[in-house]
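Going by full-length UniProt numbering, the sequence shown opens with residue 1, and the numbers climb by one from there. Beta carbons: idealized from backbone N, C-alpha and C, even for Gly. These numbers were taken from a predicted model, which means no experiment stands behind them.
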Amino acid sequence: MREVTRQSIIAFFFFLFFIFFNLIIPSMAGDSITPTQPLKDSQTLISSNGTFELGFFSLGNSTKRYIGIWYHKISTHTIVWVANRDDPIVKDRGGVLRINSNGNLVLIDSGDNIVWSSKIGTNSTDSIAQIRDDGNFVLTDNTGTLAWQSFDHPTDTILPGMKFGWDLRTGLNHSMTSWRSTNDPSSGDYMFYMDIHGSPQLKLRRFSDLVLMFRTGPWNGLGFSGIPEMRIYNMARYEFVQTQTEVYFIPFPRSDIIPRMILLPTGVFVRYLWVEQKQVWNQLWATSKDNCNNYGKCGPNGVCNTSDINVCNCLSGFKPKSPKDWYLKDGSDGCVRKTELDCGGDGFVEVSGVKVPDTSNSTVDEEISLDQCKEACAKVCSCTACATANISSGRGCLMWFGDLWDIRTFADGGQVMYVRLAASEIRQNDKHNHKNKLIVIVTTVIVSSMLLPGSIFWFMWKKTSIKARWGGNQNINYSDSSKEGMDLPLFDLDTLKMATNNFSDANKIGEGGFGTVYKGNLKEDQEIAVKRLSRNSTQGLDEFKNEVVLIAKLQHRNLVRLLGCCVKGDERMLIYEYMPNKSLDTFLFDVTRSSSLVWRTRHDIIMGTARGLVYLHQDSRFRIIHRDLKVNNILLDKEMNPKISDFGLARIFRGDHEEANTRRVVGTYGYMSPEYAMDGVFSVKSDVFSFGVLVLEIMSGKKNRGVYQSEIHLNLLAHAWHLWNEGNVLELLDASIDYSWCISKTIRCIHVGLLCVQERVEDRPTMSSVVTMLSSETVTLPQPRQPGFYTRTNDLPPDWPTEQDQELCSINEVTLTEIHARW
């Protein structure tokens, strides 16, 4: 009896041992591939925690098959790694992922050809390949030693736990390369990598011309110098490691969030966070967030500041290298020293709240203090600036040599650097600072004692000054918003006459409600566009004033640049950069020229316009509503890049204001939102509606004002809505567009356009959301609702102007403008 009991106990423990090794351990390790168990096309591997899945996949309608890793539990199909990105297999020929006799992972097609290999054999007959809980696909030998891992070969995504940088022992570079497009994972045109020259930093570069697009700045102990958001959005723990054998940056995972960092096909590096409640990837930060993230925006020794009207400024003790270009708001040539260093009595001036310069030409000493750092820099004649290397500990010395590149300021964040100046410049700077302090003290005392009479005096002086500046011949009344920023360069009338051949008809390139637009050439061979106010135009005078005080504050690659104005007697003129391809409507609605607007060009125009609106609505100094966005006001430069123009009807929102009301509705029929046209209520969502109309016109090549189903009098919006509901939305497209290689992105553009023109204001997305929707196909889009102005005849008021008389009349306080400014 005792022997039976002993045998039963032994059998019971053997059973537990069997269960543990055959059920529990495999579930912890996840599914696997062994020499005898390959992965076939119809199978997948899932990590033990169910987070990641590895298998074969295709994109869109492509017949190409790839091996990749994606999130298993996330509804949006989000691929994070691709093995054979540049060597796909044909869909109908199938494939197998297996471990060969050398212990290598190999992808074999139906013809037994090796398409892809890990190239690092284990020489073990018991090798095993598994997908781990962190998304790392690993190959180990029979002792459990790691032979190969997908984390060593990133594609376009960084996952938590993945090292990003260099293994100095093997020369392995953990870098990212973008996809070719959202439906093509092959190696694209952009690379994000760690530059270990000088002080290490991450850089984004374009392959086609090797242009450096963006850099993060060096690690300062709390984050990268150029990304203060790393401290603001504390959604992950980061670490930067630099030893004799490795230099890398690594984000660590958290159990409660799912983050990822991706290099988009457009060359934008984005950090996302998965929002479970909404089932979407939420963008936390992107390299395209503002103009100052463009590498070297203000040239050597220049400082980029998005909150400044001029954007580019020189460091203290420096002056513009090309004053004329600087005057025209082109700071690419940068700045030069006012006084050269004498390598003896030099000093340092403090510059705070900045992204420190490019550290490729720098050195680092991790041990010394800031005072010792300044002393060390002063002893080397070629040292031009220094800073604390680790602001967390307050230790370490970072020194620069030569010109200082890619500096920008931050409203919140950044760090302090010290720029070396000649002794005379230090004294001048000290005097300037002392003078400023004295002025502040004296001004405070005076204002405190004479606030009321001083205010009255200032108001009277300002009113007189403005009147004098504008010639005194017009009865111009300024609102509070227009009394600021009157520092636009003034052009001489004779200069403009000479540039435009005395405003000859041969130089005329456009005409509208404002007046006539002429092409001009300055002596320096600079082409300009001169918009001349008609002397009989009363509405144009208001637009003129508005543009002078508003557009001069705006600087963005997708906004037309105002170079100056001319006020002489009765003459009022605005001088812009010249746009050789004129306005979008000259291509879009011209049968002979629309074919040149290929799919890529149309998509780039949509994206560029969207980014320009994001700048107006949230990234510029003020929230600005354009109120007259249309194809006529999208100008195209020589490379077909879009630039928003004509800010005559634009309005500034201040503080927390979200919308405003006007009794005088101005704009263009076909682009105005319902709430604005009917009730005079406008907001950023009014521009969103206009943008949606613009998108649908670009995709279709048709005007919204046309009738596309005459039996029910549908305009373009309603026509697009009908096609969407019928599942035939591709019928909307311009026949000249070849969209066969990007159907999903094409439909996505139309989808976003319909979301923007929804009748209810609250249903429309913001422009920042629009950019995200258009940039990433992983973002789930809501279903659109019925657009505004669903029909042309039934839904509009009976006294609304018709197609024939819309440009000739103004009904119910609705002013309709159709200004064709083509330059």
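Taking only three categories from DSSP, how would you classify residue i?
{"i": "residue 878", "result": "With the chain running from 1 to 823 in the structure shown, residue 878 is simply not present."}
{"i": "Lys374", "result": "helix"}
{"i": "Gly353", "result": "strand"}
{"i": "Lys278", "result": "coil"}
{"i": "Asn390", "result": "strand"}
{"i": "Asn49", "result": "coil"}
{"i": "Glu239", "result": "strand"}
{"i": "Gly60", "result": "coil"}
{"i": "Ala610", "result": "helix"}
{"i": "Leu554", "result": "coil"}
{"i": "Glu246", "result": "strand"}
{"i": "Lys297", "result": "coil"}
{"i": "Glu731", "result": "helix"}
{"i": "Lys685", "result": "helix"}
{"i": "Asp167", "result": "strand"}
{"i": "Ala411", "result": "coil"}
{"i": "Met28", "result": "Residue confidence for Met28 is low, a pLDDT of 34 falling below 50, so the modelled location carries little weight and cannot support an answer."}
{"i": "Gln783", "result": "coil"}
{"i": "residue 827", "result": "No statement about residue 827 is possible, as the shown extent of the chain runs from 1 to 823 and does not include it."}
{"i": "Gly667", "result": "strand"}
{"i": "Met678", "result": "helix"}
{"i": "residue 824", "result": "In the structure as shown, the chain begins at 1 and stops at 823. Residue 824 is therefore absent and cannot be evaluated."}
{"i": "Asn291", "result": "helix"}
{"i": "Leu597", "result": "coil"}
Since residue i and residue j should fall inside the 8 Å C-beta cutoff, what is the C-beta to C-beta distance between them, to a whole number of angstroms?
{"i": "Gly60", "j": "Ile737", "result": "At roughly 17 Å, the Cβ-Cβ gap does not stay under 8 Å, so Gly60 and Ile737 are not in contact."}
{"i": "Gly165", "j": "Met194", "result": "4 Å"}
{"i": "Val96", "j": "Ile108", "result": "5 Å"}
{"i": "Arg760", "j": "Arg785", "result": "7 Å"}
{"i": "Pro787", "j": "Ala718", "result": "7 Å"}
Alpha carbon to alpha carbon, how far is residue j from residue i? Give it in angstroms, no decimals.
{"i": "Ser208", "j": "Thr36", "result": "44 Å"}
{"i": "Tyr190", "j": "Glu571", "result": "49 Å"}
{"i": "Ser391", "j": "Gly608", "result": "Reading off the sequence, residue 391 comes out as Ile, not Ser. Ile391 and Gly608: Cα-Cα distance of roughly 37 Å."}
{"i": "Asp348", "j": "Thr182", "result": "The question names Asp, yet the displayed sequence has Phe at residue 348. Between Phe348 and Thr182, the C-alpha separation is close to 49 Å."}
{"i": "Thr388", "j": "Val364", "result": "9 Å"}
{"i": "Cys386", "j": "Asn361", "result": "12 Å"}
{"i": "Phe691", "j": "Arg420", "result": "48 Å"}
{"i": "Arg98", "j": "Val106", "result": "6 Å"}
{"i": "Ser187", "j": "Asn113", "result": "22 Å"}
{"i": "Phe214", "j": "Arg271", "result": "15 Å"}
{"i": "Tyr248", "j": "Asp167", "result": "8 Å"}
{"i": "Asp403", "j": "Cys343", "result": "16 Å"}
{"i": "Phe151", "j": "Arg623", "result": "43 Å"}
{"i": "Asp687", "j": "Gly103", "result": "60 Å"}
{"i": "Asp525", "j": "Lys568", "result": "24 Å"}
{"i": "Gly680", "j": "Gly670", "result": "15 Å"}
{"i": "Asp346", "j": "Met230", "result": "35 Å"}
{"i": "Lys119", "j": "Gly226", "result": "37 Å"}
{"i": "Ala129", "j": "Ile79", "result": "19 Å"}
{"i": "Asn301", "j": "Ser352", "result": "15 Å"}
{"i": "Thr778", "j": "Thr76", "result": "6 Å"}
{"i": "Leu780", "j": "Asp86", "result": "It should be pointed out that residue 780 corresponds to Thr in this sequence rather than to Leu. Cα to Cα, the separation comes out at about 27 Å."}
{"i": "Ser645", "j": "Ile634", "result": "6 Å"}
{"i": "Gly471", "j": "Leu488", "result": "Residue placement at Gly471 cannot be trusted, given a pLDDT of 40 that sits under 50; what the coordinates show is reported in the next sentence. Going by the C-alpha atoms only, they are around 16 Å apart."}
With distances taken between CB atoms, is the gap from residue i to residue j smaller than 8 Å?
{"i": "Asp134", "j": "Pro228", "result": "no"}
{"i": "Gly510", "j": "Leu533", "result": "no"}
{"i": "Val631", "j": "Met573", "result": "no"}
{"i": "Met579", "j": "Lys643", "result": "yes"}
{"i": "Met699", "j": "Asp734", "result": "yes"}
{"i": "Ala83", "j": "Gly94", "result": "no"}
{"i": "Met261", "j": "Val354", "result": "no"}
{"i": "Leu716", "j": "Asn704", "result": "yes"}
{"i": "Val303", "j": "Thr409", "result": "yes"}
{"i": "Thr287", "j": "Leu204", "result": "yes"}
{"i": "Pro357", "j": "Trp405", "result": "yes"}
Quiz item: Pairing CB atoms from the segment 762-770 with CB atoms from the segment 606-624, are three or more of them under 8 Å?
Solution: yes
Exercise. Assess, as a yes-or-no matter, whether the segment 376-383 is touched by the segment 220-228 under the definition of 3 or more beta carbon pairs within less than 8 Å.
Key: Contact between the segment 220-228 and the segment 376-383 is absent: fewer than 3 CB-CB pairs across the two stretches fall below 8 Å.
Practice problem: Answer yes if the segment 622-631 comes into contact with the segment 640-650, meaning at least three C-beta pairs across the two stretches below 8 Å, and no otherwise. | Solution: The segment 640-650, when compared against the segment 622-631, does touch it at the 8 Å Cβ threshold.
Quiz item: Counting Cβ pairs closer than 8 Å, one from the segment 147-163 and one from the segment 31-45, do we hit at least three?
Solution: By the Cβ criterion, the segment 147-163 is not in contact with the segment 31-45, since fewer than three pairs of Cβ atoms, one from each stretch, lie closer than 8 Å.
Quiz item: Within the chosen definition, does the segment 332-339 reach the segment 309-319 through at least 3 CB pairs nearer than 8 Å?
Solution: Touching, per the Cβ criterion.
Quiz item: Taking contact to mean at least 3 C-beta pairs separated by less than 8 Å, is the segment 298-311 in contact with the segment 265-281?
Solution: Proximity of the segment 298-311 to the segment 265-281 falls short of the contact definition, fewer than three beta-carbon pairs being nearer than 8 Å.
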